[in-house]
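Protein chains in written order, with this note's numbering: chain L, 1 to 199; chain B, 1 to 273.
This is the structure:
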């Protein structure tokens, strides 16, 4: 496996459905809970600077599915916390991997600057990204489209005041607005990422 | 559950967490919350978006900016998030100056380097132009002055060597010596062109390995192959201060839509200062 850890098992169709139902915890989310958990796990491994956070997230969920198959159910720990516990084990296993893929802390500063350089060199990608963003914005519901542009408009104090005004207009708290904007943005980022890969 | 308006989590702590500036114990606790707690995960996402936007709009204070550059931008995924934030800022009506690329590395320098590489095909050094009052540095066989940039393009450090470039051929079993990169101390950027025997993948990734420790010390984002004459190359740049006087190896991997692809080749070189 590319992430440098042993991939033991892949879930069967029924095991996967069992996993979806267990994550839903009694409420059918139509797969939304699974996608949200996968997203959180990817971000967890990414914050740990793992080379293949997607692979490690999938491996974690595979192990959860396997455990569910073996035991018939996991009832003593809430689903999200159980996923974290297994993710931690996957991360520790990854760290012990033969290639020591995690970059040591002392070189990370240089790595960050390299990132900036790459950004600058990717000027051509920028136009594609803008094009993709326009396409993805068009796919949003009109009300989400308006929220996402209004929420991120303006700078500093102006932006804060705009957000207050928007929350008042929508009849929700500022915190609820921030979470709503964040979810729209997550979808937008996913859409733009997929679009850019196609170009 | 919706947290109260004054938020259950301290945004400053969340920012420090995102920037890798908290203790391992605190980080582990927040790691758990980021996966297992719905409210925390939602708030963390919102704070992260605002942090990225502040970077894009140049609103970060210097200490936070440095951490953002060194810790947050260490991951290709997070760099992509920043790139999308730049696009979103543009579409949200941010002033154009606020969303220009994050560093002012003059494009003419890359263009000049490409020209020099095309003509010489080997090790080359190039310098930003000296200011008019300063005499030009003497040229050598491997060192060329880059033509003066157009007047409208600012040069951040006009008198310093800003970049070196090296073309690396695929490593052959029969090779008895490896290319050498002569790196002046003030150089900011090392540019590499990795030559390939064929271009079989839609994208590539490169990792720089220190053979002495077998540790990967730098990773690229996604790279595309380019054609230079009859040769396929993958170009990449990394900060010169990362490189110490020793041997290194680039490992190039082909990436497919289905995920990580195959090992394409390795490229060894030696750095001297």
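Glycine is no exception: its CB is placed at the ideal position from the N, C-alpha and C atoms.
Because the structure is a prediction, the values reported are computed rather than measured.
Using only CA atoms, which one of 236/B, 84/B, 20/B and 192/B lies nearest to residue 46/L? In the first chain, residue 46/L corresponds to position 46, counting from 1. Nearest C-alpha to residue 46/L: 20/B.
Residues near residue 232/L by beta carbon distance below 7 Å, same chain, minus five either side: Chain L is shown only over 1 to 199; residue 232/L falls outside these bounds and no answer can be derived.
Pull the bridge partners of residue 233/B from the DSSP assignment, please. Position 233 of the second chain, counted from the start, is the residue given in the question as residue 233/B. 195/B and 226/B.
Kindly give me the distance between the Cβ atoms of residue 137/L and residue 145/L, rounded to whole angstroms, as I take these residues to be in contact under 8 Å. For the purposes of this step, residue 137/L is taken as residue 137 along the first chain, with counting starting at 1. For the purposes of this step, residue 145/L is taken as residue 145 along the first chain, with counting starting at 1. Right, the Cβ-Cβ distance comes to about 6 Å (below 8 Å), so this counts as a contact.
Strictly under 8 Å for the Cβ-Cβ distance: is residue 255/B near chain L by that measure? Residue numbering aside, residue 255/B sits at position 255 when the second chain is read from its first letter. For residue 255/B, the answer is no, since every Cβ of chain L falls outside 8 Å of its Cβ.
Decide if residue 15/B is buried, meaning its Cβ has at least 16 other Cβ atoms within 10 Å, or exposed. Counting from 1 along the second chain, the entry for residue 15/B is found at position 15. Answer is buried; the Cβ neighbour count reaches 16.
So, using beta-carbon positions, are residue 52/B and residue 81/B closer together than 8 Å? In the second chain, counting from the first residue as 1, residue 52/B sits at position 52. In the second chain, counting from the first residue as 1, residue 81/B sits at position 81. Contact: yes.
Please report the distance separating the alpha-carbon of residue 165/L from that of residue 15/L. Counting from one through the first chain, the residue named residue 165/L turns up at place 165. Counting from one through the first chain, the residue named residue 15/L turns up at place 15. C-alpha separation (whole angstroms): 47 Å.
Please say whether residue 194/B and residue 274/B have beta carbons closer to each other than 8 Å? Since the displayed chain B opens at 1 and closes at 273, residue 274/B lies outside it and no answer follows.
What's the call for residue 263/B, buried or exposed, on a 16-neighbour Cβ count within 10 Å? Looking up residue 263/B in the second chain gives position 263. Its Cβ having fewer than 16 others within 10 Å, residue 263/B is exposed.
Leaving out five residues before and five after residue 244/B in sequence, what residues of the same chain have Cβ atoms less than 7 Å from its Cβ? For the purposes of this step, residue 244/B is taken as residue 244 along the second chain, with counting starting at 1. Answer for residue 244/B: 271, listed in chain order.
Would you call the CB atoms of residue 64/B and residue 89/B closer than 8 Å? For the purposes of this step, residue 64/B is taken as residue 64 along the second chain, with counting starting at 1. For the purposes of this step, residue 89/B is taken as residue 89 along the second chain, with counting starting at 1. Taking 8 Å as the Cβ cut-off, residue 64/B and residue 89/B do not qualify as a contacting pair.
Determine, using beta carbons only, whether residue 83/L comes closer than 8 Å to chain B. Position 83 of the first chain holds residue 83/L. With 8 Å as the cut-off, residue 83/L counts as an interface residue toward chain B.
Test item: CB-CB of residue 22/L and residue 68/L under 8 Å: Taking the first residue of the first chain as 1, we reach residue 22/L at position 22. Taking the first residue of the first chain as 1, we reach residue 68/L at position 68. In this structure, residue 68/L lies closer than 8 Å to residue 22/L by Cβ.
Can you say whether residue 11/L is buried or exposed, counting buried as having 16 or more other CB atoms within 10 angstroms of its CB? Against the first chain, residue 11/L aligns to sequence position 11. Residue 11/L is buried by the Cβ-count criterion.
Answer with yes or no whether the minimum CB distance from residue 247/B to chain L is below 8 Å. For the purposes of this step, residue 247/B is taken as residue 247 along the second chain, with counting starting at 1. By this cut-off, residue 247/B is not an interface position.
Cβ of residue 192/L within 8 Å of any chain B Cβ: Here residue 192/L is taken as the residue at index 192 of the first chain, counted from 1. At least one chain B Cβ lies under 8 Å of residue 192/L.
What is the rounded straight-line gap between the Cα of residue 284/B and the Cα of residue 78/B? No answer is possible for residue 284/B: it lies beyond the span of chain B, which begins at 1 and ends at 273.
As assigned by DSSP and simplified to three states, the class of residue 100/L: Counting from one through the first chain, the residue named residue 100/L turns up at place 100. Because the pLDDT at residue 100/L is just 44, under 50, the model does not fix this residue reliably, and the value given afterwards should be weighed accordingly. Looking at residue 100/L - three-state DSSP - the assignment turns out to be coil, as it is neither helix nor strand.
Nearest-angstrom Cβ-Cβ length linking residue 204/B and residue 164/B, presumed shorter than 8 Å: Position 204 of the second chain, counted from the start, is the residue given in the question as residue 204/B. Position 164 of the second chain, counted from the start, is the residue given in the question as residue 164/B. Going by Cβ atoms, the distance from residue 204/B to residue 164/B rounds to 22 Å, so no, they are not a contact pair.
Hey, residue 192/B and residue 250/B: beta-carbon distance below 8 Å or not? Numbered from 1 along the second chain, position 192 holds the residue referred to as residue 192/B. Numbered from 1 along the second chain, position 250 holds the residue referred to as residue 250/B. Their beta carbons are under 8 Å apart, which means residue 192/B touches residue 250/B by this criterion.
Own chain, CB closer than 8 Å to residue 140/L, minus 5 neighbours either side, in chain order: Working through the first chain from its first residue, we reach residue 140/L at position 140. So the qualifying residues of the chain are 148, 184, 187 and 188.
Please return the same chain residues whose Cβ sits closer than 6 Å to the Cβ of residue 23/B, not counting the five positions on each side in sequence. Working through the second chain from its first residue, we reach residue 23/B at position 23. Excluding sequence neighbours, residue 23/B sits near nothing in its chain.
Can you tell me whether residue 186/B is helix, strand or coil according to DSSP? In the second chain, the residue the question calls residue 186/B occupies position 186. Coil.
How would you list, in chain order, the residues of chain L whose beta-carbon sits under 8 Å from the beta-carbon of residue 84/B? Counted from its first residue, the second chain places residue 84/B at position 84. Per Cβ cutoff of 8 Å: 129, 133, 188, 189, 192 and 193.
Within the 8 Å Cβ cut-off, does residue 34/L reach chain B? Indexing the first chain from 1 puts residue 34/L at position 34. Chain B, which has no Cβ nearer than 8 Å to the Cβ of residue 34/L, makes this no.
Report the rounded CA-to-CA distance for residue 93/L versus residue 54/L, giving the unit in angstroms. The sequence position of residue 93/L within the first chain is 93, counting from 1. The sequence position of residue 54/L within the first chain is 54, counting from 1. Between residue 93/L and residue 54/L, the C-alpha separation is close to 16 Å.
If we ignore side chains and look at the alpha-carbon of each, how far apart do residue 42/L and residue 48/L end up? On the first chain, position 42 is the one that residue 42/L refers to. On the first chain, position 48 is the one that residue 48/L refers to. Cα-Cα distance, rounded: 10 Å.
Residue 39/L and residue 35/B closer than 8 Å at C-beta: Taking the first residue of the first chain as position 1, residue 39/L is located at position 39. Taking the first residue of the second chain as position 1, residue 35/B is located at position 35. For residue 39/L and residue 35/B, no; Cβs fall outside 8 Å.
Once the 5 residues before and after residue 84/L are set aside, which same chain residues still bring their CB inside 8 Å of it? Counting from one through the first chain, the residue named residue 84/L turns up at place 84. Counting only Cβ-Cβ distances below 8 Å, and skipping sequence neighbours, we find 44.
Residue 179/B to residue 218/B span [Cα, whole Å]: For the purposes of this step, residue 179/B is identified with residue 179 of the second chain, where counting begins at 1. For the purposes of this step, residue 218/B is identified with residue 218 of the second chain, where counting begins at 1. Approximately 19 Å, taken between the alpha carbons.
Is the beta carbon of residue 168/B sitting closer than 8 Å to the one on residue 269/B? Position 168 of the second chain, counted from the start, is the residue given in the question as residue 168/B. Position 269 of the second chain, counted from the start, is the residue given in the question as residue 269/B. Cβ distance < 8 Å, so residue 168/B and residue 269/B count as in contact.
What residues in the region 17-49 of chain B have a beta carbon less than 7 Å from any beta carbon of chain L? 31, 32, 34, 35, 36, 41, 42, 45, 46 and 49
Distance cutoff 8 Å, beta carbons only. Does residue 142/L sit that close to anything in chain B? One-based indexing of the first chain puts residue 142/L at position 142. No, residue 142/L lies away from the interface with chain B (no Cβ there is under 8 Å from its Cβ).
With DSSP as the reference, label residue 54/B as helix, strand or coil. Here residue 54/B is taken as the residue at index 54 of the second chain, counted from 1. In this structure, residue 54/B counts as helix in the three-state DSSP scheme.
Measuring only the C-alpha atoms, how far is residue 184/B from residue 74/L? What you label residue 184/B is simply residue 184 of the second chain in a count that begins at 1. What you label residue 74/L is simply residue 74 of the first chain in a count that begins at 1. Cα-Cα distance, rounded: 60 Å.
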